[in-house]
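Trainee:
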Amino acid sequence: IMVWGCFVSRHKGLLVIWNKAAWGKTMNAQGYQTHILPHLNIFCHEESTCTQDYAYIQQGNASPYRAHSTITKLQHDSFYNYLLPWPATSPDMNPIELVWKLIKSCIRQLLP
């Protein structure tokens with residue numbers, strides 16, 4: 013199972029379950045732009061509207077996130093200025109990695 017999620021300091025965002033049957037077994041740049049970025053766009057817009065502040069984006073360094081076409085799409089959607097730079101090998105510094113670890117632990121307890 014593959015999932016994508018987001019959050020801000022005040023609340024959680026969407027959790028998108030990757031539909032492998034319909035979208036492909038792995039996520040590529042086109043799939044990320046088609047199936048994930050629209051959710052990010054909505055979440056950031058709602059967050060910015062509610063707080064009167066900008067939602068900054070921190071992505072990992074997977075190839076769909078770093079693809080030239082993804083960066084171009086983020087620029088087109090006016091998100092590029094809010095995209096935080098991120099070191100190439102620093103998953104321990106990515107806050108959502110802790111969330112994934114907790115979810116995996118809960119699933120292991122439910123389905124030993």
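Plus 12 on top of the position in the sequence shown (first one is 1) and you've got the numbering used here.
For each residue, glycine too, the CB sits at the ideal point set by N, CA and C.
#1: Between the stretch 66-83 and the stretch 28-35, do at least 3 Cβ pairs fall closer than 8 Å?
#2: Looking only at its own chain, which residues have a Cβ that is under 8 Å from the Cβ of Val111, when we skip the five neighbours before and after it?
#3: Which of the three DSSP states is assigned to Phe55 in this structure?
#4: For Gly25, which of Glu59, Thr38 and Lys37 has the nearest alpha-carbon?
#5: Would you call Cys118 buried or exposed, if buried means 16 or more other Cβ atoms sit within 10 Å of its Cβ?
#6: What is the DSSP secondary structure of Lys24, reduced to helix, strand or coil?
#7: Taking the CB atoms as reference points, tell me whether Tyr94 and Tyr68 lie closer together than 8 Å.
#8: How is the beta strand (DSSP E) around Trp112 delimited, first residue to last?
#9: So for Leu86, helix, strand or coil by DSSP?
Mentor: For this structure:
#1: no
#2: Taking the first residue of the sequence shown as 1, we reach residue 111 at position 99. Closer than 8 Å at Cβ, skipping near neighbours: Gly17 and Phe19.
#3: The count along the sequence shown starts at 1 and reaches residue 55 at position 43. If DSSP states are grouped into helix, strand and coil, Phe55 belongs with the helices.
#4: Locating residue 25 in the sequence shown gives position 13, where the first residue counts as 1. For the residues Glu59, Thr38 and Lys37, the minimum Cα distance to Gly25 belongs to Glu59.
#5: In the sequence shown, residue 118 corresponds to position 106, counting from 1. It is exposed - the Cβ of Cys118 has fewer than 16 other Cβ atoms within 10 Å.
#6: The residue labelled residue 24 in the question sits at position 12 within the sequence shown. Three-state DSSP puts Lys24 in a strand.
#7: Reading the sequence shown from its first residue, position 82 is the one you call residue 94. Reading the sequence shown from its first residue, position 56 is the one you call residue 68. For Tyr94 and Tyr68, yes; Cβs fall inside 8 Å.
#8: To locate residue 112, count along the sequence shown from 1; it is residue 100. Note, Trp112: premise wrong, no beta strand (DSSP E); alpha helix (DSSP H) at Pro107 to Leu122.
#9: Residue 86 sits at position 74 when you count from the first residue of the sequence shown. Three-state result, Leu86: helix.
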